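Engineer: Which chain is which? The protein sequence lines are A and B, in order. Each number in the working numbering corresponds to the 1-based position in the first sequence with 5 added. Each number in the working numbering corresponds to the 1-based position in the second sequence with 5 added. Backbone N, C-alpha and C fix where the C-beta goes; we use that ideal spot for every residue, glycine too. These numbers were taken from a predicted model, which means no experiment stands behind them.
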Amino acid sequence: MKNIFRGELVRITAEEPEARAKVEVRWQGDSELHRLAGAEPAMMESEKKLKEWFEKQNENGFKPQRYPFSVRTLEDDKHIGFFGLWVDLIHGEAWVGIGIGEREYWGKGYGTDMMKLCLQYAFTELNVHRVSLGVHEYNPRALRSYEKAGFQLEGRTRRDILREGVRTDSLWMGILRDEWLQMQTGDQQ
Amino acid sequence: MFNIQTQLFDGQDVRLGPIDHEKDPEVESKWTHDSDFMRMYDTDPARPMSAAMVKKQYEKLEKQIEENKEMYYFTIRARSDDRLLGKAMIERIEWSNGNGLIRIGIGSPEDHRKGYGSQGMQMLLRFAFAELNLFRVSAEVPEYNEPAVALLKKFGFVEEVRRRQALERDGRRWDLLVFGLLKDDWQNQAEG
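See below:
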């Protein structure tokens with residue numbers, strides 16, 4: 006069987022509370038990173054608090070609701086980012102949260118590789134019917150990468166985000182299992 | 006116009022009120038045994054609940070509201086006899102962005118099509134925009150809930166997102182629709 010934990014540039018590991026808390030403190034200091042990814046106000050938490058939070062999440066295990074991963078490079082095993090899937094198993098829908106905290110790995114294909122692993126996990130391991138995500142309209146780099154991964158734009162909630170006094174839209178995207186399977190056979194040809 | 010004389014919580018036939026922990030559990034328990042109501046109101050699996058379970062749920066709900074401060078919950082009651090008709094709430098409020106998600110349900114089939122939901126919606130929107138000062142509200146509704154879609158459109162909500170095949174019920178997939186209403190559009194509408 007296929008190794009679903011290994012891509013071309015990265016591999017995914019268990020979420021590591023200690024390592025994750027350490028980098029998270031640094032990543033929280035990058036307000037642009039937070040504002041590109043999140044909708045809540047940027048905030049800073051102690052390494053201790055973060056570690057405890059990640060530990061608590063792990064204690065809960067792989068519950069049906071949440072599947073978090075840390076992402077490391079194949080080249081030098083550097084912890085560069087994360088992704089997580091929040092799953093509604095009743096209706097077969099998974100929501101993605103994904104990010105590369107280490108800026109020097111932006112725009113080099115790592116995100117694409119991560120999303121490939123993420124969708125593969127969602128569709129072939131969790132067996133969901135669709136995968137969803139939201140993205141700020143002021144983050145065109147993410148939007149393009151999601152389109153490349155096969156996500157379709159399904160609409161926008163008008164002016165729901167207020168940052169620096171400017172109102173912007175959230176864009177909502179989705180990919181269906183059939184669409185993803187189609188892309189996989191396309192890749193092989 | 007600065008109008009604090011017009012009551013926020015009084016409509017023509019209905020009013021918004023708090024939970025009655027003594028009387029309401031019995032009534033809501035009945036609603037949960039009506040699968041039509043449950044499947045229109047929520048996408049979670051419909052589950053019949055006893056009055057005791059509903060009572061526990063109310064307590065949990067009020068605790069959550071106090072702790073998280075991101076939700077306002079009202080019961081919809083008849084003005085004539087204070088009977089519980091339904092519920093109305095604003096949840097998942099993002100204070101920094103000024104947005105929230107609204108939800109309204111009228112429990113018994115015999116109370117449908119009497120304008121109660123519409124009156125509840127009118128008060129809930131005024132509360133959201135004129136009291137909480139939100140900038141916009143959203144509503145999520147399965148495409149098969151046609152009465153809800155009609156109610157939202159009547160109040161000026163715009164269909165903004167169609168999450169394709171996001172739900173499965175009765176052996177087929179359904180879209181989930183997200184509607185949005187901005188404060189300006191609500192205000193223009195209220196003024197004429």
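So, at 6 Å on beta carbons, what are the nonlocal neighbours of B/Gln170 in its own chain, with the 5 sequence-adjacent residues on each side left out?
Structural biologist: Answer for B/Gln170: Arg178, listed in chain order.
Engineer: Taking 6 Å as the limit between beta carbons, can you name the residues of its chain near A/Gln194, skipping five residues before and five after?
Structural biologist: Per-residue confidence for A/Gln194 stands at a pLDDT of 48, beneath the threshold of 50, marking its modelled position as unreliable; no derived number is given.
Engineer: With B/Pro53 as the anchor, note down where its alpha helix (DSSP H) starts and where it stops.
Structural biologist: It is not in any alpha helix (DSSP H) - B/Pro53 carries neither H nor E in the DSSP assignment.
Engineer: Nearest to B/Ile81 by alpha carbon, out of B/Asn73, B/Leu90, B/Lys74?
Structural biologist: It is B/Leu90 whose Cα lies nearest to the Cα of B/Ile81.
Engineer: Which residues, in chain order, does the stretch 31 to 58 of chain A contribute to contact with chain B at a C-beta distance below 9 Å?
Structural biologist: Answer set for the stretch 31 to 58 of chain A: Ala44, Glu45, Pro46.
Engineer: Looking at the structure shown, is B/Asp190 part of a helix, part of a strand, or coil, going by DSSP?
Structural biologist: It is helical.
Engineer: Mind pulling the alpha helix (DSSP H) runs of 4 or more residues that sit fully within the stretch 68 to 146 of chain A?
Structural biologist: Those alpha helix (DSSP H) runs which fall completely within the stretch 68 to 146 of chain A and span 4+ residues are 115 to 129.
Engineer: Under 8 Å between C-beta atoms, does A/Leu186 make it to chain B?
Structural biologist: With 8 Å as the cut-off, A/Leu186 does not count as an interface residue toward chain B.
Engineer: May I have the straight-line CA-CA distance separating A/Gly170 from A/Val15, to the nearest angstrom?
Structural biologist: Going by the C-alpha atoms only, they are around 38 Å apart.
Engineer: When you compare the CB positions of A/Thr173 and A/Ile166, do they come within less than 8 Å of one another, or not?
Structural biologist: Cβ atoms of A/Thr173 and A/Ile166: closer than 8 Å.
Engineer: Are the beta-carbon atoms belonging to A/Val92 and A/Gln70 less than 8 Å from one another?
Structural biologist: Yes, Cβ-Cβ distance for A/Val92 and A/Gln70 is below 8 Å.
Engineer: Under 7 Å Cβ-Cβ, which residues of chain A neighbour B/Ser40?
Structural biologist: Here the premise fails: no neighbours, minimum Cβ distance about 15 Å.
Engineer: So, under 8 Å CB-CB, B/Phe140 and B/Leu181 are touching, yes? Tell me the CB distance rounded to an integer number of Å.
Structural biologist: Actually they are not in contact, since the Cβ atoms of B/Phe140 and B/Leu181 sit about 23 Å apart, beyond 8 Å.
Engineer: Assuming A/Gly106 contacts A/Ile85 under a Cβ cut-off of 8 Å, what Cβ separation, rounded to an integer in Å, is found between them?
Structural biologist: Indeed, because the Cβ distance is near 7 Å, the residues count as touching under 8 Å.
Engineer: Would the beta-carbon of A/Gly34 fall within 8 Å of that of B/Arg167?
Structural biologist: No, the pair does not count as a contact, with Cβ atoms beyond the cut-off.
Engineer: Assign A/Thr18 to one of three DSSP states: helix, strand, or coil.
Structural biologist: Strand, per DSSP.
Engineer: Could you check how far apart the C-beta atoms of B/Val146 and B/Gly105 are, in whole angstroms? I think they sit under 8 Å.
Structural biologist: Not really, about 15 Å apart at Cβ, beyond 8 Å.
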